[in-house]
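With our numbering applied, the sequence shown corresponds to residues 796 to 875, in that order.
In this text, a Cβ means the ideal position worked out from N, Cα and C, and glycines have one as well.
Note that the structure is a prediction, hence the values are computed from the model and not measured.
Notes follow once the structure below has been shown.
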Amino acid sequence: MEAVNSTRLVRNKRLKIDIAAIQEELKTGEVKSLKWIPGSLQMANIMTKQGAASFTLLEVLQSGKMTDQIVKIAMEKLNG
């Protein structure tokens, strides 16, 4: 996340290119904001980890965006 503010933190050339693209999308407004999401709530988990919860992915697919409310609900479900 910190790397979006400075590509000097990243040595990998390919990753620098990806970060530059994100920076440009933030500048143009195509991407409104970035937010750190804990690994346990990563949406790709449903496709890569057996038993991963699908509620976050389903909510995002239904709404078209990852909102703070979706993250809050997912954290509550995850923590019981």
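Which residues bound the alpha helix (DSSP H) around residue i?
| i | result |
| --- | --- |
| Met-838 | Neither: Met-838 is in no alpha helix (DSSP H) and is coded neither H nor E. |
| Lys-872 | 863 to 874 |
| Leu-804 | Taken as a continuous stretch (DSSP letters only), Leu-804 belongs to no alpha helix (DSSP H), as it is neither H nor E. |
| Gln-857 | 850 to 858 |
Does residue i come out as helix, strand or coil in the three-state DSSP assignment?
| i | result |
| --- | --- |
| Ile-812 | helix |
| Ser-828 | coil |
Residues in the same chain with beta-carbon distance under 8 Å from residue i, minus the five sequence neighbours each way, listed in chain order, please.
| i | result |
| --- | --- |
| Val-799 | Ile-814, Ile-817, Gln-818, Leu-821 and Leu-829 |
| Ala-848 | Asn-840, Ile-841, Ala-869, Lys-872 and Leu-873 |
| Ile-832 | Met-861 and Val-866 |
Take the Cβ of residue i as the centre, count every other Cβ of all protein chains shown within 10 Å, and call the residue buried at 16 or more, exposed below.
| i | result |
| --- | --- |
| Thr-851 | buried |
| Ala-869 | buried |
| Leu-836 | buried |
Can you give me the Cβ contacts of residue i inside the same chain, cut-off strictly under 6 Å, excluding the 5 residues immediately before and after it?
| i | result |
| --- | --- |
| Glu-854 | Ile-865 |
| Val-826 | Glu-820 |
Ordered along the chain, which non-local residues of its own chain (more than five positions away) have a Cβ less than 7 Å from that of residue i?
| i | result |
| --- | --- |
| Asp-863 | none |
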